[in-house]
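**Q** Mind having a look at this structure? Questions to follow.
Numbering (our numbering), first residue to last: 37 to 350.
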């Protein structure tokens, strides 16, 4: 998954209180699609763990999760998410969930002192740095703009950050190549005066107003920078600001927590979250399908379905 740049979360059991099938040190992976690989506890807690892991992947933050049947612990605790253990076997499991997210792509377009400085500094800021310049995209010594556009697009991935630093040589061509991608930042190294000319050129060529508004030009925070390295720092500072505020240019990539293969419902007996598409324990009553965490809950429901027929999807 790391090689494929797929986000996932590592779940580790850090504490248990009997009775519990979990073992301290046990690990599992939860994919962005909601699949669990490994074992950190029985079926009763699996849906809870997957939901919490998906939330951690979306937020990009680690979390301690306590799942317990001890009512005295079911209260808000700083730094710990406390959830009720709904298994009839009871017990307590404490887990550490750590998201593993691929380093975002920073694509630097152009060959210039600012571009060089950007690449050197960005590698220390957890970016996967890529670069492309027109001479790198030429074929048999000929400047091929079509091939250059294809090269730019081949380096892009959803949520990428892009800085065009061609110093006016092929700014418009580079920016047009970015159309249709979900990007987190697009910056153009230019002067305030030339910015208007570039925007007018883009609009005349049919580039959307949304893209032109999203474009940061001149790129970088206004810190009074002078030399190329200083300007690169201001651009990276603006990128960091955009990254932490999670700004994105449409078309927006769906959040990793959106998973059409999961249909979460609440077990009407124990109130546990269950994936209706994967649970083995189901029942139908008055034309509606219900999901359960275990055979016991299903049996209890079937005894008096009219009493419990109020479940709702999460």
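Beta carbons are placed, not taken as given, at the ideal position from N, Cα and C, and that holds for glycine.
Being a predicted model, the structure only gives us computed values, none of them experimental.
Starting from residue 247 and walking both ways along the alpha helix (DSSP H), at which residues does that stretch end?
**A** 245-250
**Q** Tell me the start and end of each unbroken beta strand (DSSP E) in the segment 126-204 that is at least 3 residues and wholly inside, in chain order.
**A** 128-136, 141-145, 164-168 and 196-200
**Q** Have a look at residue 150 and residue 95 and give me their C-alpha separation to the nearest angstrom.
**A** 32 Å
**Q** How about the segment 60-75 and the segment 139-148: do they share at least three Cβ pairs that are nearer than 8 Å?
**A** The segment 60-75 and the segment 139-148 do not touch, with fewer than 3 CB-CB distances between them shorter than 8 Å.
**Q** Based on Cα-Cα distance, which residue from 163, 54, 45 and 325 lies nearest to residue 85?
**A** 45
**Q** Kindly indicate which residue of 308, 271, 304 and 220 has the alpha-carbon position closest to the one of residue 141.
**A** 220
**Q** May I ask you to report which of helix, strand or coil DSSP gives residue 75?
**A** When DSSP states are grouped into helix, strand and coil, residue 75 belongs to the coil group.
**Q** Nearest-angstrom Cα distance between residue 57 and residue 78?
**A** Rounded to whole angstroms, the gap between the alpha carbons of residue 57 and residue 78 is 6 Å.
**Q** In or out: residue 223 buried (at least 16 other Cβ within 10 Å) or exposed?
**A** buried
**Q** By DSSP's criteria, residue 221 is part of a beta bridge. Which residues make up the other side?
**A** 197
**Q** In the structure shown, what three-state DSSP assignment does residue 281 receive?
**A** Residue state, collapsed to three classes: helix.
**Q** Going along the chain, which residues of its own chain have a beta-carbon closer than 8 Å to the beta-carbon of residue 40, five neighbours each way excluded?
**A** none
**Q** If you follow the alpha helix (DSSP H) that residue 315 is in, where does it begin and where does it stop?
**A** Note, residue 315: premise wrong, no alpha helix (DSSP H); not H, not E.
**Q** Quick one: Cα of residue 65 to Cα of residue 338, how far?
**A** 35 Å
**Q** Per DSSP, residue 63 forms a beta bridge with which residues?
**A** DSSP, once it has assigned bridges, lists 48 as partnering residue 63.
**Q** When DSSP labels each residue in this structure, what does residue 339 get in the three-state scheme?
**A** helix
**Q** Whole angstroms are fine: how far does the CA of residue 200 sit from the CA of residue 217?
**A** Here the alpha carbons of residue 200 and residue 217 stand approximately 15 Å from one another.
**Q** Buried or exposed: residue 249, going by 16 or more other Cβ atoms within 10 Å of its Cβ?
**A** exposed
**Q** Where does residue 241 fall in DSSP's three states?
**A** In this structure, residue 241 counts as coil in the three-state DSSP scheme.
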